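Single-structure report; data block below.
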Amino acid sequence: MTRTDPDDVTLIGHRGCAGQHPENTVAAVERAAPRVDAVEVDVRRCASGELVV
-19 MTRTDPDDVT LIGHRGCAGQ HPENTVAAVE RAAPRVDAVE VDVRRCASGE
31 LVV
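Note that this note's numbering has the sequence shown beginning at -19, numbered continuously upward.
Below is the structure:
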């Protein structure tokens, strides 16, 4: 077993910074964005077929 090289790790904010803001909100994404390499949010399809976060 080898240690992971910290330079090879990608930090992804799951649902933004959900610990400090409601998850999947603009506030959560804005808070997480400067601190991580990527932000991931949940996308759903509403009854009209439109995709929403």
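Note that the Cβ used here is the ideal one computed from N, Cα and C, for glycine as well.
Bear in mind that the values here come from a model prediction, so they are computed numbers and not experimental data.
Among Ala18, Asn4 and Pro14, nearest to Val32 - alpha-carbon criterion: Asn4
Distance CB(Gly29)-CB(Arg11) smaller than 9 Å: no
Proximity below 9 Å, CB of Thr(-10) to CB of Ala18: yes
Complete beta strand (DSSP E) runs within the stretch -17 to 22 (minimum length 3 residues, chain order): -8 to -6 and 18 to 20
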